[in-house]
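For what it's worth, the numbering used here labels the leading residue of the sequence shown as 591, then goes sequentially.
Every residue, glycine too, gets a C-beta built ideally from N, C-alpha and C.
All figures in this text were calculated on a predicted structure; none of them were measured in a lab.
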Amino acid sequence: MLRVSTMKIISVIFLFILLISYRSSGWHIIGGELYYTCTGFSNYEITLKVYRDCNSTTPFDHPAIIGIYNSSGLQVQLLSINFPGANYINADLSDPCIQMPPGVCVEQAVYKTTVNLSPIAGGYNLAYQRCCRNNTIVNIIDPENTGATFTAHIPQTTSACNSSPRFNNYPPIVICVDKPLIFDHSATDPDGDSLVYSLCTPYQGANAVDPIPIPPPPPYDPIIWQPPYNVNNQIGGSPAMNIDPVTGLLTGFPTDLGQYVVGVCVKEYRDGIYLGEDIRDFQFNMTTCNALIQADFTAQNVISLNDTLLICGSNTVNFTNESFGSNDYFWDFGVPGISSDISTEKNPIYTFPDTGVYHVMLTASPGIICGDTTFRYVEIRKGVTSDFSFVSECAETPIEFADASIPIDGILSSWHWDFGDGTSDETPNPSHSFTNAGTYNVALTVYNNYGCVSTIMKPIIIFSLPVINAGPDTFVCDLDSVTLHAEGGVAYQWTPDYNISDPFTAEPLVAPDVTTVYSITVTTDNGCIDTDSVTVMITDTVVATTINDTLICEGEFVNLFVNNGLFYQWTPDSYLSNSAISNPVATPLQSITYFVTSYIGSCFDEDTVTITVLDKPEVNAGDDVTINQGESVQLNATGEGILSWSPSDNLSNSNIANPIANPLNTMNYTIQVTGNNGCVSFDSVTVNVTHFHLIIVPNAFTPNGDGLNDNFQFFTKGIKEIVSVQIFNRWGQLVYGINGNEEGWNGLFNGEASEMGTYIYRIHGISYDEGIIAQKGSVILLR
């Protein structure tokens, strides 16, 4: 099958990058030229053509500024030309295979004005500058910061004034790589002067910082070519681009994708005397002209999607066209000996005359050089019909599955069974057992030697086995009988038929005189069968053995136990969880003796056990109390025996009845008392802790030496530490300051008695929670 070439892939990538670059900046100049026409009496019509990409977010210059300078570089005039409007330059798409790069579009603005310039020595130089060029240009250095300068020269004349030449045609926007470039780049001179053409280097001008400057006088810097490009190798290729100096025919053979700056000059001569030149600065976009057309197809109901399309069960094929880049198609279905097996539909339906292999051709865009053709083999087969048979059975019973598939042509080559229970098989006639009852969907997939496939699914019902339980092995006393038990079926059979009342009932009575294993076979209404057995053992004596006498504390329990029996009876039944089992739980409130009888049929035996209930010691932890953080309290518990408090945190002694407790937060204390008999009692008390943080300060003190209230002192509640005490007089002077709360201020400052009046105090402390406590207030000093 024909595929897209590497060049096509590269072209797609280039075109995508080109589109992104066009749309990523505000203003990209593509080219332009400047020329003039003398209208008589030293009047000139000035024409400026500016070309840029269409996707600019910045408008054309409004106005465009053209500078006019004399031969000494002095400014003569500045022309300001309003924006005249723009028009689009259409791309030449005459080549049917050309791919227009996405987003490539050129706008042209033609500015015109008239100016009167009297003849002067050396003539006039005209210039226009604009920045910047596309950053994807590959043949100059730093194109994104490189602008353009368009110039014209009005020569010194002593007779009729001159008109400059102007180019006839705008170069094509898009150029095909790997194809000859031929373009008429000739110009026309209104005066009929002789013209000579050449490739030249365009001027740069302006920059990204100042993209629309007032043009300076000449000289102007040329653009800098990016090696290996130069004035004689502007776009690469072989042969390199060249221009005929006489005719202006531009020729070449470009080979590289990209955007290129191109410069073409036309020099003007009159009677062999050089008058000036016109420089056209423009941009070529090189693209591939092999259109992205790819032919591809498949078909409906295809078994295989390789290069050969396998169709089974029908000679009629619905073709699906998966081509792209084309709307014109030609099909040849490859039937030997006929020419009518063709179609031009996009998605044709064709009926082949017989089974076999056909070489089908699809051409997308037939008749053009860039079209694409692909071939596929289409194999037509009659197919295969799948089927199988089985007989439903019980769970855990092998079921034979029989393949009944029919190959319409060819032979059966492989089988795949899916039993619907997570298992499978690859053999033609498998045997399979289902573990559980239920309905399962069994699927069979068969293939013939051509690859045709068919699948069929059938439900199968698996019947349940009987739920049988003959019970645990048992004893029977000599000469006694016991009733056996089975269930879950419609038919029963016990074996051996030995000392049994009825071997065909669910609950027969048996009275063996020796140990006997009885087997039971149970059959359901679906014919499913299962078996179980029970052993009946013979004994002529029973020995009842229970636990030893035991001591428990009041409120505790004990697990009783007796063995060697089938049935049991405990008396009295007081405080027992169940008086008819071998292992009841006893929770007596007082000492008691239990009698237990173990039975096997008519055989029995007795045993006894005494449970002595010990008194617990009395204990009282006392009433709950409340203290403030930092305070302590004495606990007062009562109880005889060994005492122990828990937790022991913040207790002076955890092994006495009345320890001192000073918790910083509310705490529940539990006291344990162990009596002389080993029984343990518990009680608890809660010490509630409040979190008041107070500094209690008097409102006055009298430092008069009478021994009463002579010092400034304060009291605290919930304060772990006083950090500082400061007292200030009414002037803000510190008269007393200490770290901590010592004896207090005695009213002296520097050894002298302070005057009566109001003083300000500041006290800082730390709480037991490590918080900062600050208090500010006033106190009156009296004498």
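Could you check the C-alpha separation between Arg-1320 and Asn-1289 for me, to the nearest Å?
In a straight line, the C-alpha of Arg-1320 is about 16 Å away from that of Asn-1289.
Check whether the segment 1261 to 1270 and the segment 1224 to 1238 touch, using three or more Cβ-Cβ pairs below 8 Å as the test.
In short, these stretches touch, since the Cβ pair count reaches three.
Taking the beta strand (DSSP E) that Tyr-864 belongs to, which residues open and close that run?
Residues 863 to 877.
Hey, is Val-1186's beta-carbon within less than 9 Å of any beta-carbon in chain B?
Judged by its chain identifiers, the structure shown contains no chain B, having just a single protein chain.
Which value, in whole angstroms, describes the spacing of the CA atoms of Ile-833 and Cys-722?
Going from the Cα of Ile-833 to the Cα of Cys-722 covers about 27 Å.
I want to know whether the segment 1139 to 1149 touches the segment 1263 to 1276 - three or more CB-CB distances under 8 Å.
The segment 1139 to 1149 vs the segment 1263 to 1276: in contact.
For the 8 Å Cβ check, are there 3 or more pairs between the segment 1217 to 1225 and the segment 1305 to 1322?
Because the criterion of three Cβ pairs below 8 Å is met, the segment 1217 to 1225 and the segment 1305 to 1322 touch.
Near Ser-1003, what residues of its chain come up, given a Cβ to Cβ distance below 8 Å and the 5 sequence neighbours on each side ignored?
Excluding positions up to five away in sequence, the list reads Tyr-1037, Asn-1038 and Asn-1039.
Decide if His-589 is buried, meaning its Cβ has at least 16 other Cβ atoms within 10 Å, or exposed.
No statement about residue 589 is possible, as the shown extent of the chain runs from 591 to 1373 and does not include it.
When DSSP builds the beta bridges, which residues end up paired with His-1022?
According to DSSP, which records beta bridges pairwise, His-1022 is partnered with Ile-989.
Could you check where the beta strand (DSSP E) with Asp-1195 kicks off and where it finishes?
Per DSSP, Asp-1195 belongs to the beta strand (DSSP E) from 1193 to 1204.
Enumerate in chain order the residues of its own chain whose CB-to-CB distance from Asn-1138 is below 6 Å, with the five nearest sequence positions on each side excluded.
Excluding residues within five positions, none has a Cβ falling inside 6 Å.
Would you mind working out which of Tyr-718, Ala-742, Gly-630 and Ile-1353 sits nearest Gly-795, comparing C-alpha positions?
Measuring from the Cα of Gly-795, the nearest candidate turns out to be Tyr-718.
Is Glu-734 helix, strand or coil when you go by DSSP?
If DSSP states are grouped into helix, strand and coil, Glu-734 belongs with the helices.
In terms of DSSP beta bridges, what is Gly-1327 paired with?
Answer by DSSP bridge pairing, in chain order: Gln-1316.
Classify Phe-574 as helix, strand or coil using the three-state DSSP reduction.
Past the boundaries of the shown model lies residue 574; the chain is included only from 591 to 1373, so the question cannot be answered.
With Cys-766 as the anchor, note down where its beta strand (DSSP E) starts and where it stops.
Unbroken beta strand (DSSP E) run through Cys-766: 764 to 766.
Over the uninterrupted beta strand (DSSP E) stretch that includes Thr-837, give me the two end residues.
Careful: Thr-837 lies outside any beta strand (DSSP E) and carries neither H nor E.
Just to confirm, are Thr-704 and Tyr-634 a CB contact at a threshold of 9 Å?
For Thr-704 and Tyr-634, yes; Cβs fall inside 9 Å.
To the nearest whole angstrom, what separates the beta carbons of Val-852 and Gln-824, a pair I think is in contact under 8 Å?
That pair is a contact at about 5 Å.
Closer than 8 Å by C-beta to Asp-931: which residues in its own chain qualify, once you throw out the five before and the five after it? Chain order, please.
Here the set comprises Asp-922, Phe-923, Gly-924, Val-925 and Tyr-940.
Which of the three DSSP states, helix, strand or coil, is assigned to Ile-802?
Ile-802 falls in the coil class under three-state DSSP.
Could you work out which residue in Thr-647, Asn-1329, Ile-1350 and Val-1072 is closest to Gln-1323 when comparing CA atoms only?
It is Ile-1350.
In terms of alpha-carbon separation, which member of His-1006, Asn-1168 and Glu-1196 lies closest to Asp-977?
Checking every option, the nearest Cα to that of Asp-977 belongs to His-1006.
Is the distance from the Cβ of Phe-673 to the Cβ of Ala-654 below 9 Å?
The answer is yes: Cβ separation under 9 Å.
With a threshold of 8 Å, are at least 3 pairs of Cβ atoms found where one atom belongs to the segment 1155 to 1169 and the other to the segment 1039 to 1055?
They do not touch, by the three-pair rule.
Name the two residues that bound the continuous beta strand (DSSP E) containing Arg-642.
633 to 643 is the extent of the beta strand (DSSP E) around Arg-642.
Between the segment 1356 to 1366 and the segment 1327 to 1347, are three or more C-beta pairs nearer than 8 Å?
Because the criterion of three Cβ pairs below 8 Å is not met, the segment 1356 to 1366 and the segment 1327 to 1347 do not touch.
I'd like the list of long-range same chain contacts for Pro-733, defined as Cβ closer than 7 Å, with 5 residues on each side in sequence excluded.
These residues qualify, in order along the chain: Arg-723, Asn-724, Asn-725 and Ile-727.
How is the beta strand (DSSP E) around Leu-1372 delimited, first residue to last?
Per DSSP, Leu-1372 belongs to no beta strand (DSSP E) and is neither H nor E.
Could you check whether the segment 1187 to 1201 touches the segment 1121 to 1134, counting it as contact only if at least three pairs of C-beta atoms, one from each stretch, sit closer than 8 Å?
At 8 Å Cβ cutoff, the stretches touch.
Buried or exposed for Met-831, please, with buried defined as at least 16 other CB atoms from any protein chain shown within 10 angstroms of its CB.
Buried.
Would you tell me roughly how many angstroms separate the C-alpha atoms of Met-1174 and Asn-1210, rounded to the nearest one?
According to the sequence as given, residue 1174 is Pro; it is not Met. The straight-line gap from Cα to Cα measures roughly 34 Å.
Can you find the residues in the same chain that come closer than 7 Å, C-beta to C-beta, to Ala-1027, ignoring five residues on each side of it along the sequence?
Ala-985, Ile-1052, Phe-1053 and Ser-1054, listed in sequence order.
Report yes if the CB atom of Ser-788 is closer than 9 Å to the CB atom of Phe-757, and no otherwise.
Not closer than 9 Å, so no.
Would you tell me roughly how many angstroms separate the C-alpha atoms of Ser-904 and Arg-971, rounded to the nearest one?
If I take the Cα positions, the gap works out to 7 Å.
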